[in-house]
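Residues 4 to 315 (this note's numbering) make up the sequence shown, in order. Note that beta-carbon positions come from the ideal geometry of N, C-alpha and C, so glycine has one too. Each remark here refers to the structure printed beneath this line.
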Amino acid sequence: MRVVSVTGDSFVPTNRQTGRYSVADCLPALRLAGYHQRMPRVLLCPPNYFDVVDQKNPHMSRACPVDRVKARSQWENLCSVLQQSGCEIVTIDPVESLEDMVFAANPVFVGETIGYGKFVVPSRMVYPSRQREVPYFADWFRKRNYRVIELDYGDDYLEGHGDLLWHPDGSRIYGGYGFRSTRGGVEKFAAGMSEANTPVVPLQLIDPYCYHLDTCLCPLNDEAALIFPGAYSADALASLHKFWKRVHLLTAEEAHSFMGNGIVINGSYLTPYVAPPLEAILRQEGLTPVIVETTEFEKAGGSCGCMKTFLP
Ligand code: ARG
Numbered sequence: 004m005r006v007v008s009v010t011g012d013s014f015v016p017t018n019r020q021t022g023r024y025s026v027a028d029c030l031p032a033l034r035l036a037g038y039h040q041r042m043p044r045v046l047l048c049p050p051n052y053f054d055v056v057d058q059k060n061p062h063m064s065r066a067c068p069v070d071r072v073k074a075r076s077q078w079e080n081l082c083s084v085l086q087q088s089g090c091e092i093v094t095i096d097p098v099e100s101l102e103d104m105v106f107a108a109n110p111v112f113v114g115e116t117i118g119y120g121k122f123v124v125p126s127r128m129v130y131p132s133r134q135r136e137v138p139y140f141a142d143w144f145r146k147r148n149y150r151v152i153e154l155d156y157g158d159d160y161l162e163g164h165g166d167l168l169w170h171p172d173g174s175r176i177y178g179g180y181g182f183r184s185t186r187g188g189v190e191k192f193a194a195g196m197s198e199a200n201t202p203v204v205p206l207q208l209i210d211p212y213c214y215h216l217d218t219c220l221c222p223l224n225d226e227a228a229l230i231f232p233g234a235y236s237a238d239a240l241a242s243l244h245k246f247w248k249r250v251h252l253l254t255a256e257e258a259h260s261f262m263g264n265g266i267v268i269n270g271s272y273l274t275p276y277v278a279p280p281l282e283a284i285l286r287q288e289g290l291t292p293v294i295v296e297t298t299e300f301e302k303a304g305g306s307c308g309c310m311k312t313f314l315p
């Protein structure tokens, strides 16, 4: 049997230098951002230049202007709720004219696996203003000694944690595609992740209001996930049922109002809204709903979940 050492929050095999682990060996030893940390660190970007200037997704409309003052106070409230839930907040400087940079989940994918260390995969975003965010995020991680894995995307796209979600035990990554990330982007990412010993499950998205995977899949714990079934192709739905013991369903209305774009943190579920069925699901999974108002960010097609990236 392997000997493991436990240091603070981390749970790491003592002989990690050998690198001789299969994925199955590593599972209990993986320390992933968020779910398994007592004091998770979370990266956010202040909304100084946040605005709705175009229509990148069907939630956006220029007819619905952003109230900047309200956006600022909603973002600050999200930060305090995260802090009260036990998170340490770290920020990246916002950049003028990058109106969506507040959605810090998208420009990168972040992880850590045994023998591979902390790594970041810069995205290839579809929209030009969002493409310009990527080097700022990649530099932020490079300066903090993350291994930066640059993929050769060719004509493909991949939108970071918008479309890529860890299974909480680190056994695999789910990769949504169809609206923003492409199937080819997810395949190229999967090839890159094979080096980090982590399989990727591709999931085709079919509802334009759920254009990113993080709007229709929210892992609640190692066994249970919240999904909106109408967002997936039949094959994708079958895969989800295979990988989760308990699959809880959201309605279209709930998903389109971002109830599946929550943040799971130390027994709380941060969500912009809650309805009795969702509340019952959360209670069953041992989570308490905490309402975090995000109306200004919803005008851009995002809520709590897309505004953060957990750091390993
Ligand atoms: N306006 C942004 C966009 O369309 C919103 C991104 C929301 N992010 C998310 N992960 N769902 O790119």
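{"Asked": "Do F231 and A258 have their C-beta atoms within less than 8 angstroms of each other?", "Found": "yes"}
{"Asked": "Spatial neighbours of D103 within its chain, please: C-beta separation below 6 angstroms, excluding the five flanking residues on both sides.", "Found": "R133"}
{"Asked": "Given 8 angstroms as the limit, is there contact between the region 91-110 and the region 138-146, that is, 3 or more CB pairs closer than that?", "Found": "yes"}
{"Asked": "Which residues mark the beginning and the end of the alpha helix (DSSP H) in which L216 is found?", "Found": "Run containing L216: none; DSSP gives neither H nor E here."}
{"Asked": "The alpha helix (DSSP H) spanning K302 covers which residue range?", "Found": "K302 -> no alpha helix (DSSP H), and no H or E assigned at all."}
{"Asked": "Could you tell me the alpha carbon to alpha carbon distance between A194 and R71, rounded to whole angstroms?", "Found": "41 angstroms"}
{"Asked": "May I ask you to list the residues that DSSP assigns as paired with P125?", "Found": "V111"}
{"Asked": "Can you tell which of T94, V277, K191 and T116 has the C-alpha that lies nearest to the C-alpha of D155?", "Found": "K191"}
{"Asked": "Alpha carbon to alpha carbon, what distance is there between F182 and D54?", "Found": "22 angstroms"}
{"Asked": "By how many angstroms is the C-alpha of S83 removed from the C-alpha of C307?", "Found": "13 angstroms"}
{"Asked": "Among M63, A241, S271 and I266, which has the Cα closest to the Cα of L206?", "Found": "A241"}
{"Asked": "Under the three-state reduction of DSSP, which class applies to T298: helix, strand or coil?", "Found": "helix"}
{"Asked": "Mind reading off the beta-carbon distance from D217 to H170? Whole number of angstroms is fine, and I expect it under 8 angstroms.", "Found": "14 angstroms between Cβ atoms; not a contact."}
{"Asked": "Can you tell me which residues fall inside 5 angstroms of the ligand ARG, judged by beta-carbon distance to its nearest heavy atom, and keep chain order?", "Found": "K59, N60, D103, F106, A108, G165, H215, D217, A303, G304, G305 and C309"}
{"Asked": "Quick check: what's the CA-CA separation for E256 versus V267?", "Found": "21 angstroms"}
{"Asked": "At the level of alpha carbons, what is the spacing between T297 and P68?", "Found": "14 angstroms"}
{"Asked": "Alpha carbon to alpha carbon, how far is S174 from G114? Give it in angstroms, no decimals.", "Found": "12 angstroms"}
{"Asked": "Quick check: what's the CA-CA separation for D172 versus G120?", "Found": "16 angstroms"}
{"Asked": "Pick helix, strand or coil for P205, following the three-state DSSP scheme.", "Found": "strand"}
{"Asked": "Under three-state DSSP, which class holds L240?", "Found": "helix"}
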